[in-house]
Amino acid sequence: MNSTDADWLARYLLHIRVEKRLAPRTQALYATHLQGLAQRCAAEGLGWASVSPAHARRWAAQLRASGRQPRGIALVLSCWRGFFTWLGRQEVIAAHPLQAVRAPKAAQPLPKALDVHDALRLAAHLPQSAGPARKEGRAEGTESEAAAGPTVAATAPDWQVLQIHCLVELLYGSGLRIAEALGLDVRPSSAALGWVDAQAGEVQVLGKGGKWRTVPVGAAALQALAQWLAARAQAGLDAGAAALFVGARGARLTPQVARRQLQALAASAGLAGRVHPHMLRHSFASHVLQSSADLRAVQELLGHASIASTQIYTRLDFQHLSRAYEAAHPRARKTAPKS
Numbered sequence: 001m002n003s004t005d006a007d008w009l010a011r012y013l014l015h016i017r018v019e020k021r022l023a024p025r026t027q028a029l030y031a032t033h034l035q036g037l038a039q040r041c042a043a044e045g046l047g048w049a050s051v052s053p054a055h056a057r058r059w060a061a062q063l064r065a066s067g068r069q070p071r072g073i074a075l076v077l078s079c080w081r082g083f084f085t086w087l088g089r090q091e092v093i094a095a096h097p098l099q100a101v102r103a104p105k106a107a108q109p110l111p112k113a114l115d116v117h118d119a120l121r122l123a124a125h126l127p128q129s130a131g132p133a134r135k136e137g138r139a140e141g142t143e144s145e146a147a148a149g150p151t152v153a154a155t156a157p158d159w160q161v162l163q164i165h166c167l168v169e170l171l172y173g174s175g176l177r178i179a180e181a182l183g184l185d186v187r188p189s190s191a192a193l194g195w196v197d198a199q200a201g202e203v204q205v206l207g208k209g210g211k212w213r214t215v216p217v218g219a220a221a222l223q224a225l226a227q228w229l230a231a232r233a234q235a236g237l238d239a240g241a242a243a244l245f246v247g248a249r250g251a252r253l254t255p256q257v258a259r260r261q262l263q264a265l266a267a268s269a270g271l272a273g274r275v276h277p278h279m280l281r282h283s284f285a286s287h288v289l290q291s292s293a294d295l296r297a298v299q300e301l302l303g304h305a306s307i308a309s310t311q312i313y314t315r316l317d318f319q320h321l322s323r324a325y326e327a328a329h330p331r332a333r334k335t336a337p338k339s
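Note that this note's numbering has the sequence shown beginning at 1, numbered continuously upward.
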């Protein structure tokens with residue numbers, strides 16, 4: 001591999017960042033997998049134009065032999081495929097080496113969703129604040145609170161409690177991905193990846209594949225947003241911060257911190273087990289489908305490019321119907337009713 005080939009890789013990484021505007025985490029994945037591809041080519045003395053379908057199939061087989069799971073292999077091949085497609089458009093290669101290369105099929109697990117009761121319980125939960133946080137971001141709690149472990153009420157100032165409450169309302173109420181929600185700005189601009197239009201009752205968001213979509217925002221989420229914006233201004237976090245969701249120093253809130261805060265809120269609300277942001281998106285999709293049975297509408301709300309991605313929620317919906325049948329239908333009962 002020569003310097004020209006390295007330049008093409010650098011140009012592609014710039015393309016997905018500036019033109020496609022992929023999420024930072026997605027950009028990092030592309031960079032990692034394409035650098036791995038470059039190392040394979042360099043080891044065999046190949047340039048991009050020299051890679052053949054035989055090379056691609058052998059490398060895919062090596063990924064499988066290394067113990068990588070089918071979903072991981074599919075992700076690597078997707079990154080490679082996107083790069084070679086772009087090289088074809090730039091007329092760097094004459095033929096696509098991965099055109100006929102397929103990843104091994106993986107069993108598709110059902111997405112984990114909260115039931116309606118738990119989802120509403122979490123969304124409505126707004127713990128009493130423990131007061132202003134100390135310098136390190138923790139409030140003074142009682143000995144019993146400390147013994148009970150970290151909760152939102154015991155560890156967060158007012159503004160942080162209201163912020164995570166607002167985030168939960170948007171994730172569950174509008175089905176946003178965590179990256180989409182944390183990418184929202186307070187107000188629209190040419191550089192913004194999304195924003196909430198409170199007057200119209202909708203959120204504009206740039207989703208996967210650089211596609212914009214408009215999703216309704218419910219009254220509860222709008223109320224939570226108003227409370228959060230008021231607390232944010234009162235806490236002095238508004239100065240120069242474009243991001244809607246922020247950390248203690250005004251920088252955009254990170255997914256890692258958001259996950260920890262959500263788990264703490266869920267524990268404070270009495271929900272058992274692990275609750276993560278994407279579970280709220282799954283819950284949104286499942287509950288809308290249960291109520292409306294409109295698969296196409298759910299596809300548009302989620303921003304799925306293919307209806308196949310949305311159809312998995314019909315399996316969750318069937319589970320819900322199956323439980324209702326078993327609970328209500330006389331023929332489904334394990335034991336005969338007493339006469």
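Here a beta-carbon is modelled for each residue, glycine too, at the ideal position from N, C-alpha and C. Small disclaimer: the values here were computed from a predicted structure and weren't measured.
| Item | Value |
| --- | --- |
| Proximity to Ala192 [Cα-Cα], best of Glu180, Ala200, Glu202 | Glu180 |
| Ser286 to Thr310 span [Cα, whole Å] | 10 Å |
| Short Cβ contact (8 Å threshold) for Ala60 with Leu77 | yes |
| Which of helix, strand or coil DSSP assigns to Ala243 | strand |
| Leu171 to Leu280 span [Cα, whole Å] | 6 Å |
| Nearest-angstrom Cα separation, counted from Gln227 out to Gln163 | 9 Å |
| Run of the beta strand (DSSP E) containing Asp197, from where it starts to where it stops | 194 to 197 |
| Alpha-carbon spacing of Ala242 relative to Pro277, whole angstroms | 22 Å |
| Separation of Glu44 from Ala258, as counted between CA atoms | 44 Å |
| Short CB-CB distance (under 8 Å) between Gly247 and chain D | The structure shown has no chain D; it contains just one protein chain. |
| Beta bridge counterpart(s) of Leu206 as assigned by DSSP | Trp212 |
| As assigned by DSSP and simplified to three states, the class of Ala10 | helix |
| Within 8 Å, strictly: CB atoms of Leu271 and Asp118 | yes |
| Assigned exposure category for Gly131 - 16 Cβ within 10 Å defines buried | Any reading at Gly131 is ruled out, since the residue's pLDDT is 36, under 50, leaving its predicted position unreliable. |
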